[in-house]
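Residue numbers (the working numbering): 1 to 219.
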């Protein structure tokens with residue numbers, strides 16, 4: 001039975017950044033059993049800090065919660081932006097160059113949150129993303145600023161909102177029989193792994209049942 005885990009995220013969200021070790025471990029642990037994908041869920045003004053001081057406060061809180069030995073860098077932060085479109089569109093655009101994995105979005109996140117690079121600027125985001133995947137930054141920038149990429153980012157953000165949750169990252173675990181588990185803002189490994197294990201166990205039962213009884217009788 002097919003199982004898919006979708007990670008809805010904003011590339012420069014600090015809480016999404018803290019979830020990356022869990023995401024990496026899930027992919028390692030279930031590499032041959034589960035399909036993994038990520039989609040953009042843009043932060044909107046209601047969820048964004050309004051000042052650098054407020055951003056620093058959030059970083060201190062989340063850093064303490066995660067017992068981090070370092071504090072995230074706020075030098076990249078631009079309070080004039082109503083959303084962080086550039087870094088998210090650049091990460092999404094990299095998929096069209098064959099990079100649907102995590103490398104480009106992680107490079108942009110680290111550039112912002114660890115190094116303080118102003119990835120809210122389209123050129124900066126494209127330079128970071130292009131270097132991470134060895135893509136010509138000009139071509140990446142052109143694709144990132146296209147209406148097609150923004151439409152995809154807006155569409156996946158709408159998908160996230162349709163879940164009627166507010167926290168990113170959101171991990172959505174789906175099976176082909178219609179079972180679904182949604183974790184909004186959960187970044188620890190244990191509850192996610194336990195849910196996937198349970199769904200995999202269900203998949204094994206379905207396979208055993210089919211081996212014994214075949215497909216259901218026709219209506």
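Here a beta-carbon is modelled for each residue, glycine too, at the ideal position from N, C-alpha and C.
In chain order, what residues of the same chain have a beta carbon less than 8 Å from the beta carbon of residue 83, not counting five sequence neighbours either side?
Here residue 83 refers to the residue found at position 83 of the chain shown. Correct list, in chain order: 42, 43, 44, 45 and 48.
Out of 50, 106, 25 and 107, which has the shortest C-alpha to C-alpha gap to residue 80?
Along the chain shown, one-based indexing puts residue 80 at 80. Considering only alpha carbons, the answer is 50.
Please name the residue, chosen from 193, 179 and 55, that lies closest to residue 15 on a Cα-to-Cα basis.
Looking up residue 15 in the chain shown gives position 15. 55 is the residue among 193, 179 and 55 whose C-alpha sits nearest the C-alpha of residue 15.
Extent of the continuous beta strand (DSSP E) run through residue 184:
Counted from its first residue, the chain shown places residue 184 at position 184. Element bounds for residue 184: 180–184.
Can you tell me which residues form a DSSP beta bridge with residue 8?
The residue you call residue 8 lines up with position 8 of the chain shown. Answer by DSSP bridge pairing, in chain order: 39 and 170.
By the three-class DSSP mapping on this structure, what secondary structure does residue 149 have?
Position 149 of the chain shown, counted from the start, is the residue given in the question as residue 149. DSSP places residue 149 in helix when its eight states are reduced to three.
Report the option in 125, 57 and 193 whose CA atom is closest to the CA atom of residue 171.
Stepping through the chain shown from its first residue, residue 171 is reached at position 171. For the residues 125, 57 and 193, the minimum Cα distance to residue 171 belongs to 193.
Tell me whether residue 183 is buried or exposed, calling it buried when 16 or more other Cβ atoms sit within 10 Å of its Cβ.
One-based indexing of the chain shown puts residue 183 at position 183. With 16 or more other Cβ atoms within 10 Å, it is buried.
Using the beta-carbon count (16 or more within 10 Å), is residue 218 buried or exposed?
Translated into the one-based positions of the chain shown, residue 218 becomes position 218. The Cβ neighbour count for residue 218, taken over all protein chains shown within 10 Å, is under 16; the residue is labelled exposed.
Is the Cβ-Cβ distance between residue 121 and residue 141 less than 8 Å?
Taking the chain shown and counting its residues from 1, one reaches residue 121 at position 121. Taking the chain shown and counting its residues from 1, one reaches residue 141 at position 141. No, they are not a contact pair.
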